[in-house]
Amino acid sequence: MENKTLSIEIFGADIVCASCVNAPTSKDTYEWLQAAIDRKYPNHPYIMTYIDIQQPIDNERQQAFANRIMDDEFFYPLVLIEGEVVGEGYIQLKPVFSELEKHGFVSLES
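For the record, in the sequence shown the residue sitting at position 82 is 112 according to the numbering used here, with numbers rising by one throughout.
In structure tokens, the structure reads:
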């Protein structure tokens, strides 16, 4: 098993996405996703970062994604794993878990 620390980024804002009626907020999605990953893959290292698209962003790559969201290219929350988009708007666990498993995460249920 590879012990590389995986990077998971959640881009969002305090306001719920206009196209995501009845969806949880970006912060709620961040907390829910973190809890789900911790429960299913407790022995795998990762760093989850929340990026508020309405606040100043120092990282140029992250700012580029924030700009793309503001330009309506993506819905938020936007979830990236190792820089790859795995979900936007209403986030579902299956594609997130599939991407984690591509990077060597093994579920406790396996």
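The beta-carbon is built from N, C-alpha and C at its ideal position, and this holds for glycine as well.
Out of E139, N73, V126, E39, which has the shortest C-alpha to C-alpha gap to T79?
-> Residue E39 is the option with its Cα nearest to T79.
N-terminal and C-terminal residue of the alpha helix (DSSP H) that S37 is part of | It is not in any alpha helix (DSSP H) - S37 instead sits in the beta strand (DSSP E) that spans 36 to 42.
Please report the Cβ distance between S56 and Y106, rounded to the nearest whole angstrom; I am assuming they are in contact, meaning their Cβ atoms lie under 8 Å.
-> Contact holds; Cβ gap of about 6 Å.
Ignore the nearest five residues each way along the sequence and tell me which others in E112's own chain have a CB closer than 6 Å to its CB.
-> Once the five neighbours on either side are set aside, the close Cβ partners of E112 are S37.
Helix, strand or coil at I81 [DSSP, three-state] | Strand, per DSSP.
Classify E90 as buried or exposed, calling it buried when 16 or more other Cβ atoms lie within 10 Å of its own Cβ.
-> Per the 10 Å Cβ criterion, exposed.
What residues in its chain sit with their C-beta under 7 Å from that of A43, if we drop five residues either side in the sequence?
-> Within the same chain, A43 has close Cβ partners S56, D82, I83, Q84, Y106.
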